[in-house]
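Undergrad: Quick one: structure below, then a few questions.
Protein chains: 4
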Amino acid sequence: MVNIGVVGCGYWGPNLLRNFHELDGVRVVGCADLQKERLEVIKKKYPFLEVTRDFRDIVSSPSIDAVAIATPISTHYALAREALLNGKSVLIEKPMTASFREGEELIALAEKKNKILMVDHTFVYTSAVRKIKEIIDRGELGKVFYCDSVRVNLGLFQHDVNVIWDLAPHDLSILDFLLGKMPVEVSAVGACHVGNQIENIAYLHLNFDAQLTAHIHVNWLAPVKIRMMLIGGSKKMVVYNDMEPSEKVKIYDKGVTFISDEKEIYNALVGYRRGDMYAPNLEQVEALHNLCSHFVDCIKSGEKPITDGEAGLRVVKVLEACQKSLENKGKMEEIK
Amino acid sequence: MVNIGVVGCGYWGPNLLRNFHELDGVRVVGCADLQKERLEVIKKKYPFLEVTRDFRDIVSSPSIDAVAIATPISTHYALAREALLNGKSVLIEKPMTASFREGEELIALAEKKNKILMVDHTFVYTSAVRKIKEIIDRGELGKVFYCDSVRVNLGLFQHDVNVIWDLAPHDLSILDFLLGKMPVEVSAVGACHVGNQIENIAYLHLNFDAQLTAHIHVNWLAPVKIRMMLIGGSKKMVVYNDMEPSEKVKIYDKGVTFISDEKEIYNALVGYRRGDMYAPNLEQVEALHNLCSHFVDCIKSGEKPITDGEAGLRVVKVLEACQKSLENKGKMEEIK
Amino acid sequence: MVNIGVVGCGYWGPNLLRNFHELDGVRVVGCADLQKERLEVIKKKYPFLEVTRDFRDIVSSPSIDAVAIATPISTHYALAREALLNGKSVLIEKPMTASFREGEELIALAEKKNKILMVDHTFVYTSAVRKIKEIIDRGELGKVFYCDSVRVNLGLFQHDVNVIWDLAPHDLSILDFLLGKMPVEVSAVGACHVGNQIENIAYLHLNFDAQLTAHIHVNWLAPVKIRMMLIGGSKKMVVYNDMEPSEKVKIYDKGVTFISDEKEIYNALVGYRRGDMYAPNLEQVEALHNLCSHFVDCIKSGEKPITDGEAGLRVVKVLEACQKSLENKGKMEEIK
Amino acid sequence: MVNIGVVGCGYWGPNLLRNFHELDGVRVVGCADLQKERLEVIKKKYPFLEVTRDFRDIVSSPSIDAVAIATPISTHYALAREALLNGKSVLIEKPMTASFREGEELIALAEKKNKILMVDHTFVYTSAVRKIKEIIDRGELGKVFYCDSVRVNLGLFQHDVNVIWDLAPHDLSILDFLLGKMPVEVSAVGACHVGNQIENIAYLHLNFDAQLTAHIHVNWLAPVKIRMMLIGGSKKMVVYNDMEPSEKVKIYDKGVTFISDEKEIYNALVGYRRGDMYAPNLEQVEALHNLCSHFVDCIKSGEKPITDGEAGLRVVKVLEACQKSLENKGKMEEIK
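Protein chains in written order, with our numbering: chain A, 42 to 377; chain B, 42 to 377; chain C, 42 to 377; chain D, 42 to 377.
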């Protein structure tokens, strides 16, 4: 039996709580939040849970093995550190920390304490993203040329971080998982429209090498919800539309072939290939179920999670560089 | 009766020809193209037309009043200049010219010759864009915050210009028409994937002022055709999806209101408004019909076209700045 | 505090249980199911619940005020009867009973016992259906001409009833609520394809009067999930697409006007009107939450539920007539 | 060179004219229509055409080899008869004739005169329908269980025939082509809402055998345009959505398997299979181009057209039976 405590019962915490609660071999022992009203809602749903306004009741409880942290980003480091110091395994909401330095420290601490440090990069645990990973890894797309991601809707405006730190971790963690490499330079531009000095729309551009780029549009002030990624490859191309009820992933046997014949320079330089499209069947499982289950498995086996502290740190590193670029009007920032 | 000649019978020229042919009070006299096969296709459809491989037969023909130019961009200037010098009114495919300097010259020449110079910014003549213009002008959106345009599909790769010069003129001309002002700085990034040193994917960012930005994604190597523009305003927001058979324009009564109460800093900073959506009925007319008809009207009346040389020149100015930024890895370029 | 017991923990029962559990002023006391495995799942989620394989523990428990029945249709009557006899209020899954006679008895019994008898016509409690009702009632559609409903997907095949008794209650209860009247005659055709003598596809046709008809396509063997209703009126028309994440209801200002001029008999007999479309904002509430809340309110106040026994009986009456028509190859059956 | 004359220049005639005109080896000689205004429009587009208000100028012209008839249904027989008697091959708009008897006569006459008689069942010449035919013929769907077709939109109301005779020929000709057999009985219900005693909405039901049925919803008074056919098979299922710009045909590897184990009667009676979906690439050709080209080929070779008089007659036979059923409130009509 793995005993879990949850810190933070705002928007996301209750989802973690529910998923842990429904797992076999897991007991959710208690949860903490600063707001009394939230605890009352939890208590109504789970009358057997211990609830507390003091996170220390969770992170230092001897009856708890692991802590899930779903609080504002600025508090991730302090809460995770405290939990690790108390010998708990830790699952942290994305992004892992507010800075690269904080992330490095947590990784070192987890290693020293020999505890699991995992980041909640939820989308990595979806059937859709896993299927795309499989397709890329078996070479079906050929060389990947670009990824273009749009993640926009109305709200939820955050008070402490801009839209990049709020939404882009989803895209960056998907790209990290799919491509398996870091960009060498990034740029970001954005704007804020609702008076709080926090950007609500932003565009990120990532260069991996001369031929591989990624682009991300994140936006809290859009009239419709769009969650769409285009992936162009030399052989095939993917449309990943997360808003589709089924058929989220479509693989197109489409592309161009370049004919480098000097004499042909004004005709037929480019040949088009338009073949069939297919949409692989995707298992209907809640990603968070997979994620929570994986966290518990890692605690039991001692194995590294797929989205471990290092994965979390890579995302934070790119976020920091984007933030710097944003403050410099989109100037390219190297990632060292 | 206005007598028209068409130069260039590739992809777009035949559309211009057909629309002029169907107008009352207009006679298409002849057309020119370098390729014999194209002329044969035209001759089969319009056996009464004069066809020629020498554009001079058109631009200097005494029986022709106006010339429509639908040739590669690099030839626009020379052809339009010749036509104007011969006293013809001129309609040029977008973008007007390959450089700002060329555009300026044509404008001066048209003025001197007292002839109409019009640019084929087709989308400005669609019911959809006109409806959006109407909605913006009557203040329905409030202050416009951003425009985000995606214009991607597979092909048609051009041999002489990159995807910015090929596709972005559509978006830039729509923005020029809708917003009625020039950006103060722009940046562009892109990549080429098919070996011909010509960018096939690019992202443009335009800053108008601190609160108004525009972003454009143009792409010849996408698996699906997307033609979508989001327009965010302080009061309402628009989704313009040109791929919809009807309901191309949707206006959302959605938005956020910012509460600047210091004490409320952690709650309810932002209020959301989610009202009805409506899709105005759009007249079902081919944009090119409107455009050709407007060109003929201007020839008859001597009035300035909506998309006159100045409009064409503004688009070229932004394209040139984007090209420069592209060559400098996305460095912001001022528009003076 | 209203104390609730749930009988039947298959597909739908757990949804009722969850919604009752989350209501204030309600306590779910226990639940019954014949299958041990299902009870174990419930016990895992709600460790504080009493679970039992004997429904009598629920329907006769002195600590229970009301019973929700979510079992196979053939058992509805016996279970509801037992509960009413024990002085419990009753909520029954659709369709209320397997026959008109059974339904009549339950209504009489509930009246005699002065208890609430309510039927789970879920869709009547959706924001979408309520909005459409509002629109019809204020005359916005003019005279309603037809309703066409398509409710198809793959599965869930039932073992004891055909697709009409399984899916059509949704459509019939929506029509009952929207139109407020009974059809005067109905017909039904269907077919079974998977060997169990139970129709998996069927079409129902309902005549209300010479000008108002309804048609329903229900199908367990369709490749895609469609939940769409068209409602044609003399002034406006509605598309209700339940698969849309938002914008489920669209109202079209479209129609025709008939010109009865004898002289015009070959031209312009019909004039078309194509105006704007709008999609009213719909409150985002789970229908089952509204339904459970309404049931509890009725228990407290003694008021008749919107979907009371009479509403349930009307649906059963139409189902019986459709079944008879189905067995007579689609012969029209009068509804007396 | 095949010389063609067109009779009828309303909605569809000009499309036939344009397609014949663009074919190699074909010359459109002239066209006839009762309305002067229509002839003027034709003359403007095709100044080299002979136009006439007297159809006899076409059907008896010695310089014409074949006649395309696109006039109201009631006139098909007389016009086609006249043309055949004058030794012309004939292409007739769907439905071929207003009655079975008329159709039989035309077939006999065409045979006697040794001329081509072809019916314009346009959809049979689309890439989509041909691809589905190919898929069915190679057994990919297994046994076909049902076809469900929806063909609805606003307009065009006809003055002389109801919506069944206007729209259902499309569906009936598609079914005739795909299934290669006749229904054994049919029924039809409908209603008229705009005062002219002509049904504007109708539902057709066709039984082929105990396991194969087809259903058709045709409607002139719908707020949106839907052109969708579901085809259920024992192995796979098809969605044919003609409104999709691409991906019109989707094949779903979905279905159920029936387990006839007596002991399992309450569980797992039905197993579900949910595999991948694919959308075959479809050639982008105008169906009417294929059709016109096929007509000309048949004239040259003397071969029977795919949609010959017999195909046209089968459709008329079903229409007549549906009309009879419609007048008998949906009573099943045998097709002998």
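Backbone N, C-alpha and C fix where the C-beta goes; we use that ideal spot for every residue, glycine too.
These figures come from a predicted structure and were not determined experimentally.
(1) Within the chosen definition, does the stretch 332-343 of chain A reach the stretch 182-201 of chain A through at least 3 CB pairs nearer than 8 Å?
(2) Flag this pair as yes or no: are the beta carbons of residue 228 of chain C and residue 211 of chain C separated by less than 8 Å?
(3) Do the stretch 261-280 of chain A and the stretch 159-168 of chain A meet, that is, are 3 or more Cβ pairs less than 8 Å apart?
(4) Using the beta-carbon of each residue, which ones in chain D are nearer than 8 Å to residue 315 of chain A?
(5) State the start and end residues of the unbroken beta strand (DSSP E) segment that holds residue 227 of chain C.
(6) Buried or exposed, going by whether 16 or more other CB atoms sit within 10 Å of the CB of residue 264 of chain D?
(7) Between residue 318 of chain A and residue 149 of chain D, is the Cβ-Cβ spacing less than 8 Å?
(8) Using a Cβ-Cβ cut-off of less than 8 Å, list which residues of the stretch 71-98 of chain D approach chain B; keep chain order.
(9) Helix, strand or coil: how does DSSP classify residue 264 of chain B here?
(10) By the criterion of Cβ-Cβ separation under 8 Å, what are the contact partners of residue 63 of chain D in chain B?
(11) In terms of DSSP beta bridges, what is residue 278 of chain A paired with?
(12) Starting from residue 68 of chain A, trace the alpha helix (DSSP H) both ways and give me its first and last residue.
(13) For the beta strand (DSSP E) holding residue 87 of chain C, just list the boundary residues, first then last.
(14) Find the nearest neighbour of residue 255 of chain B within the set B:189, B:56, B:110, B:129, judged by alpha-carbon distance.
(15) Applying a beta-carbon distance threshold of less than 8 Å, which residues of chain A neighbour residue 228 of chain B?
(16) Residue 363 of chain A CB to nearest chain C CB: under 8 Å?
(17) Output yes or no for whether 8 Å exceeds the beta carbon distance between residue 111 of chain D and residue 206 of chain D.
(18) Is residue 373 of chain B buried or exposed, if buried means 16 or more other CB atoms sit within 10 Å of its CB?
(19) So what does DSSP say about residue 52 of chain B, is it helix, strand or coil?
(20) Quick check on DSSP: helix, strand or coil for residue 130 of chain C?
(21) So the candidates are B:50, B:65, B:238, B:106; which of them puts its Cα closest to the Cα of residue 79 of chain B?
(22) Around the Cβ of residue 234 of chain C, are there at least 16 other Cβ atoms within 10 angstroms (buried) or fewer (exposed)?
(23) Quick one: Cα of residue 240 of chain C to Cα of residue 136 of chain C, how far?
(24) How long is the line joining the alpha carbons of residue 63 of chain B and residue 56 of chain B, rounded to whole angstroms?
(25) Hey, would you say residue 98 of chain D sits closer than 8 Å to residue 73 of chain D, going by beta carbons?
(26) Listing by chain order, which chain B residues have their CB less than 9 Å from the CB of residue 288 of chain C?
(27) Mind checking residue 42 of chain C: buried by the 16 CB within 10 Å criterion, or exposed?
(28) Identify which residue in A:356, A:366, A:315 has its Cα closest to the Cα of residue 13 of chain A.
(29) Taking the alpha carbon of residue 298 of chain C as the reference point, which residue from C:314, C:291, C:285, C:286 has its own alpha carbon closest?
(30) Can you check the stretch 98-150 of chain A for any alpha helix (DSSP H) of at least 4 residues that lies completely inside it and give the ranges in chain order?
(31) To be precise: take each residue of the stretch 266-284 of chain C, compare its Cβ to all Cβ atoms of chain A, and keep it if any distance is under 9 Å. Which residues remain?
(32) Between residue 217 of chain D and the rest of its own chain, which residues show a CB-CB distance below 7 Å, the 5 nearest in sequence each way excluded?
(33) If you compare alpha carbons, which of A:196, A:251, A:175, A:201 is closest to residue 221 of chain A?
(34) Closest by CA to residue 60 of chain C, which one among C:370, C:152, C:329?
(35) Per DSSP, what kind of secondary structure is residue 163 of chain A in: helix, strand or coil?
(36) Please confirm if residue 218 of chain B has its CB atom under 8 Å from at least one CB of chain A.
TA: According to the structure data:
(1) no
(2) Numbered from 1 along the third sequence, position 187 holds the residue referred to as residue 228 of chain C. Numbered from 1 along the third sequence, position 170 holds the residue referred to as residue 211 of chain C. No.
(3) no
(4) Here residue 315 of chain A refers to the residue found at position 274 when the first sequence is read from its first residue. Correct list: 322.
(5) Counted from its first residue, the third sequence places residue 227 of chain C at position 186. Looking at the DSSP string, the run of the beta strand (DSSP E) that includes residue 227 of chain C is 226-232.
(6) Residue mapping note: residue 264 of chain D aligns to position 223 of the fourth sequence, counting from 1. Counting Cβ neighbours within 10 Å, residue 264 of chain D comes out buried, since at least 16 surround it.
(7) Taking the first sequence and counting its residues from 1, one reaches residue 318 of chain A at position 277. Taking the fourth sequence and counting its residues from 1, one reaches residue 149 of chain D at position 108. Contact: no.
(8) So the list reads 85, 86, 88, 89, given in the order they occur along the chain.
(9) For this step, residue 264 of chain B is matched to residue 223 along the second sequence. Reduced to three states, the DSSP call for residue 264 of chain B is strand.
(10) What you label residue 63 of chain D is simply residue 22 of the fourth sequence in a count that begins at 1. Result: 85, 86.
(11) By 1-based counting over the first sequence, the position of residue 278 of chain A is 237. Residue 278 of chain A pairs with A:273, A:293.
(12) Residue numbering aside, residue 68 of chain A sits at position 27 when the first sequence is read from its first letter. Where residue 68 of chain A is concerned, there is no enclosing alpha helix (DSSP H), although the beta strand (DSSP E) it sits in stretches over 67-73.
(13) Translated into the one-based positions of the third sequence, residue 87 of chain C becomes position 46. No beta strand (DSSP E) contains residue 87 of chain C, which DSSP labels as neither H nor E.
(14) Here residue 255 of chain B refers to the residue found at position 214 when the second sequence is read from its first residue. Minimum Cα distance to residue 255 of chain B is reached at B:189.
(15) On the second sequence, residue 228 of chain B is found 187 positions in, with the first residue counted as 1. Residue 228 of chain B reaches chain A at 230, 371, counting residues in chain order whose Cβ is nearer than 8 Å.
(16) Residue mapping note: residue 363 of chain A aligns to position 322 of the first sequence, counting from 1. So no, residue 363 of chain A is outside the interface.
(17) In the fourth sequence, residue 111 of chain D corresponds to position 70, counting from 1. In the fourth sequence, residue 206 of chain D corresponds to position 165, counting from 1. At least 8 Å separates the beta-carbon of residue 111 of chain D from that of residue 206 of chain D.
(18) Here the question's residue 373 of chain B lines up with position 332 in the second sequence. Result: buried.
(19) Counting from 1 along the second sequence, the entry for residue 52 of chain B is found at position 11. Residue 52 of chain B falls in the coil class under three-state DSSP.
(20) Within the third sequence, numbered from 1, the residue matching residue 130 of chain C stands at position 89. Strand, per DSSP.
(21) Position 38 of the second sequence, counted from the start, is the residue given in the question as residue 79 of chain B. Here the closest residue by C-alpha is B:50.
(22) Taking the third sequence and counting its residues from 1, the one referred to as residue 234 of chain C is at position 193. The residue in question, residue 234 of chain C, is buried, as its Cβ has 16 or more Cβ neighbours within 10 Å.
(23) Reading the third sequence from its first residue, position 199 is the one you call residue 240 of chain C. Reading the third sequence from its first residue, position 95 is the one you call residue 136 of chain C. Straight-line Cα distance between these residues: approximately 17 Å.
(24) If you number the second sequence from 1, residue 63 of chain B lands on position 22. If you number the second sequence from 1, residue 56 of chain B lands on position 15. Taking the straight line joining both Cα atoms gives about 11 Å.
(25) Position 57 of the fourth sequence, counting from 1, holds the residue named residue 98 of chain D. Position 32 of the fourth sequence, counting from 1, holds the residue named residue 73 of chain D. Yes. Within cutoff.
(26) Indexing the third sequence from 1 puts residue 288 of chain C at position 247. By Cβ distance, chain B contributes 291, 318.
(27) For the purposes of this step, residue 42 of chain C is taken as residue 1 along the third sequence, with counting starting at 1. Result: exposed.
(28) Absent from the structure is residue 13 of chain A, since the part of chain A shown begins at 42 and ends at 377.
(29) As a position in the third sequence, residue 298 of chain C is number 257, starting the count at 1. The option with the nearest alpha carbon to residue 298 of chain C is C:314.
(30) 117-126
(31) Correct list: 266, 284.
(32) The residue you call residue 217 of chain D lines up with position 176 of the fourth sequence. Once the five neighbours on either side are set aside, the close Cβ partners of residue 217 of chain D are 352, 355, 356.
(33) What you label residue 221 of chain A is simply residue 180 of the first sequence in a count that begins at 1. Nearest option by C-alpha distance: A:175.
(34) What you label residue 60 of chain C is simply residue 19 of the third sequence in a count that begins at 1. The shortest C-alpha separation from residue 60 of chain C is found at C:329.
(35) In the first sequence, the residue the question calls residue 163 of chain A occupies position 122. Helix, per DSSP.
(36) Position 177 of the second sequence, counted from the first residue, corresponds to residue 218 of chain B. Not one chain A Cβ lies under 8 Å of residue 218 of chain B.
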